[in-house]
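Enquirer: I have a structure I would like to understand better, so I am pasting it below and will then ask my questions one at a time.
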Amino acid sequence: MTINQIKKRSSSAEMFVPIKILDGGRGLAIPQYATPGSAGLDLPAALEGDLVLKVRERLLIPTGFSVAIPHGYEGQVRSRSGLAYKHGIMVLNSPGTIDSDYRGELKVLLVNLGEDDFVLERGMRIAQLVIQKCEQVTLALVDSLDETDRAEKGYGSTGVK
Numbered sequence: 041m042t043i044n045q046i047k048k049r050s051s052s053a054e055m056f057v058p059i060k061i062l063d064g065g066r067g068l069a070i071p072q073y074a075t076p077g078s079a080g081l082d083l084p085a086a087l088e089g090d091l092v093l094k095v096r097e098r099l100l101i102p103t104g105f106s107v108a109i110p111h112g113y114e115g116q117v118r119s120r121s122g123l124a125y126k127h128g129i130m131v132l133n134s135p136g137t138i139d140s141d142y143r144g145e146l147k148v149l150l151v152n153l154g155e156d157d158f159v160l161e162r163g164m165r166i167a168q169l170v171i172q173k174c175e176q177v178t179l180a181l182v183d184s185l186d187e188t189d190r191a192e193k194g195y196g197s198t199g200v201k
């Protein structure tokens with residue numbers, strides 16, 4: 041399917057995002073939603089073999105795919121809850137942003153915050169990709185900002201209860 045064919049098929053009900061399989065992604069399942077209600081597409085590890093992610097180590101893991109995210113949208117790369125909860129494996133800059141004009145390979149910056157080394161295997165679902173509307177703004181330089189009750193109170197200022 042060509043980009044123009046995809047654009048013609050896209051509607052407000054369903055958006056088509058072009059995806060390209062790279063050499064490292066051959067034989068892997070195309071990212072997909074695990075359930076009908078899933079928000080994120082599962083991204084696989086496009087590794088040649090097993091790779092050990094040591095405790096407190098961070099690695100940039102290829103997925104074997106590139107995408108053409110439509111203008112006005114961004115891709116958000118997020119941790120998979122099961123890997124985070126069970127093993128402490130997280131996307132380090134979560135959510136990592138993929139800009140609409142990026143056409144390179146999707147890669148996932150993983151960190152092991154668990155207590156044990158973790159073995160990554162080819163095809164393992166390591167993160168999820170959420171496509172989200174994203175608007176650009178124009179900043180307007182001013183001398184002061186409007187007043188609010190919170191004002192400059194920051195981290196922890198709203199309490200925990």
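Numbering (our numbering), first residue to last: 41 to 201.
Backbone N, C-alpha and C define an ideal beta-carbon position, used for all residues, glycine too.
Small disclaimer: the values here were computed from a predicted structure and weren't measured.
1. Buried or exposed, going by whether 16 or more other CB atoms sit within 10 Å of the CB of Ala167?
2. Identify whether Gly196 lies in helix, strand or coil by the three-state DSSP scheme.
3. Can you tell which of Leu123, Val148, Thr75 and Leu181 has the C-alpha that lies nearest to the C-alpha of Gly136?
4. Output the distance between the C-alpha atoms of Ala74 and Val117, rounded to the nearest integer angstrom.
5. When the Cβ atoms of the segment 151-166 are set against those of the segment 86-105, are three or more pairs found closer than 8 Å?
6. Can you tell which of Ile61, Asp186, Ser78 and Leu100 has its C-alpha closest to the C-alpha of Lys132?
7. Decide if the segment 102-118 is in contact with the segment 57-72; the criterion is three or more beta carbon pairs, one per stretch, under 8 Å apart.
8. From Tyr125 to Gly144, what does the alpha carbon distance come to, in whole angstroms?
9. Taking Leu146 as the reference, which of Asp189, Arg120, Gly67 and Pro71 has the closest Cα?
10. So, at 7 Å on beta carbons, what are the nonlocal neighbours of Leu81 in its own chain, with the 5 sequence-adjacent residues on each side left out?
11. Going by CA-CA distance only, name the one from Met130, Arg120 and Lys173 that's closest to Ile138.
12. Compute the distance between the beta-carbons of Leu83 and Gly163, then report whether it is under 7 Å.
Expert: Per the coordinate set shown:
1. buried
2. coil
3. Val148
4. 16 Å
5. yes
6. The sequence given here has Leu at residue 132, not Lys. Here the closest residue by C-alpha is Leu100.
7. yes
8. 30 Å
9. Pro71
10. Pro71, Gln72, Tyr73, Gln168 and Leu169
11. Lys173
12. no
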